[in-house]
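Protein chains in written order, with my numbering: chain A, 711 to 820; chain H, 85 to 198.
Cβ coordinates follow ideal geometry from the N, Cα and C atoms, glycine included.
What follows is a set of notes on a single structure, which appears directly below.
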Amino acid sequence: ILNVEQSPQSLHVQEGDSTNFTCSFPSSNFYALHWYRWETAKSPEALFVMTLNGDEKKKGRISATLNTKEGYSYLYIKGSQPEDSATYLCAFSRSYIPTFGRGTSLIVHP
Amino acid sequence: NAGVMQNPRHLVRRRGQEARLRCSPMKGHSHVYWYRQLPEEGLKFMVYLQKENIIDESGMPKERFSAEFPKEGPSILRIQQVVRGDSAAYFCASSPANNNSPLHFGNGTRLTVT
């Protein structure tokens with residue numbers, strides 16, 4: 711069983727705050743790390759797929775970093791907006807099957 | 085481009101009945117994954133299929149559950165003789181290949197067993 715841990719479980723921030731959360735995964739036999747955003751009543755939507763140690767990816771105000779040797783990835787949101795409110799999922803894969811964490815629920819208050 | 089289509093959105097079955105969940109992947113995608121989300125849990129992998137082949141079903145219960153992805157038509161997740169514990173949201177995702185492509189998810193089927 712692969713252990714993919716995300717922290718914190720939930721997070722409340724004010725509009726304009728920058729925030730970050732963590733995804734921890736096994737550091738052996740790494741293949742890929744995925745990040746998804748899951749808004750209520752919608753389906754999970756891919757943000758990034760990261761494969762190389764030291765990788766950094768950016769999409770607008772959202773960015774992610776990857777450390778495969780120590781087994782963690784950070785997701786950063788700069789200047790949070792209410793529309794960023796969602797659950798952010800990470801998924802780790804050793805082969806072709808992503809194993810998901812439970813997610814971090816982010817609520818941005820106007 | 086149509087996304088991943090799952091139907092029905094909601095399905096109510098009485099204990100002992102069969103549930104059939106359908107998933108049409110995105111156009112051009114030949115890889116399908118099924119995940120289950122139990123109440124208060126995350127997404128748990130069930131089965132990974134390519135056209136006409138089950139590649140990995142290690143997350144699927146050995147009894148009552150089966151999956152297929154025929155050459156023509158949608159992927160089907162079948163649950164026979166449903167029990168209350170099968171009540172969950174079932175999500176299908178597709179990808180064009182297994183080379184670290186991101187997954188594209190459907191909106192899920194919420195199964196309620198009464």
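Closer than 7 Å to chain A by CB, residue i
i      : result
H/G126 : yes
H/F149 : no
H/N137 : no
H/N91  : no
H/G112 : no
H/P186 : yes
H/F153 : no
H/Y132 : yes
H/G190 : yes
Bridge partners - residue i, DSSP secondary structure assignment
i      : result
A/V714 : Answer by DSSP bridge pairing: none, since A/V714 is not bridged.
A/T761 : A/T761 pairs with nothing; no bridge assigned.
A/S803 : A/A742
H/V149 : First, the residue type needs correcting, since residue 149 of chain H is Phe and not Val in the sequence shown. H/I163.
H/H188 : H/S178
A/K768 : A/S773
H/N137 : H/Q134
H/V116 : H/L133, H/S178
A/I815 : The sequence given here has Ser at residue 815 of chain A, not Ile. Beta-bridge pairing links A/S815 to A/S720, A/T797.
Close Cβ partners of residue i (< 6 Å) along its chain, the five nearest in sequence each way excluded
i      : result
A/G726 : G789
H/L127 : Y119, Q121
C-beta neighbour in chain H for residue i, strict 7 Å
i      : result
A/P736 : no
A/P754 : yes
A/A903 : No statement about residue 903 of chain A is possible, as the shown extent of chain A runs from 711 to 820 and does not include it.
A/R747 : no
A/F810 : yes
A/I807 : yes
A/T732 : no
A/T761 : yes
Cβ distance (whole Å) where residue i is taken to contact residue j below 8 Å
i      : j      : result
A/S773 : A/E780 : Contact flag wrong, Cβ pair sits at about 19 Å.
A/P820 : A/P792 : 5 Å
H/C176 : H/V88  : 6 Å
A/M760 : A/L776 : 4 Å
H/T193 : H/Y174 : 5 Å
A/S717 : A/T732 : 5 Å
A/W745 : A/Y798 : 7 Å
A/G811 : A/V714 : 4 Å
A/L712 : A/T778 : In fact, because the Cβ distance is near 14 Å, the residues do not count as touching under 8 Å.
H/W118 : H/A151 : 6 Å
H/Q90  : H/G190 : 4 Å
Neighbourhood of residue i by C-beta, 8 Å cutoff - its chain only, sequence neighbours within 5 removed
i      : result
A/K769 : L757, F758
H/N137 : F153
H/V116 : C107, P109, Y132, L133, Q134, F153, S159, C176, A177, S178
H/T196 : H94, L95, V96, R97, S171
Close beta carbons around residue i, own chain, < 7 Å, minus the five adjacent residues each side
i      : result
H/R148 : I163, Q164, Q165
A/R771 : I787, K788, G789
If contact is defined by three or more beta carbon pairs under 8 Å, each pair taking one atom from either stretch, is the segment 99-107 of chain H in contact with the segment 154-172 of chain H? Flag = yes, the segment 154-172 of chain H and the segment 99-107 of chain H touch.
Report yes or no: do the segment 717-734 of chain A and the segment 127-141 of chain H share at least 3 C-beta pairs separated by less than 8 Å? No, the segment 717-734 of chain A is not in contact with the segment 127-141 of chain H.
For the structure I just gave you, are there three or more beta carbon pairs, one from the segment 731-738 of chain A and one from the segment 791-807 of chain A, closer than 8 Å? Touching, yes.
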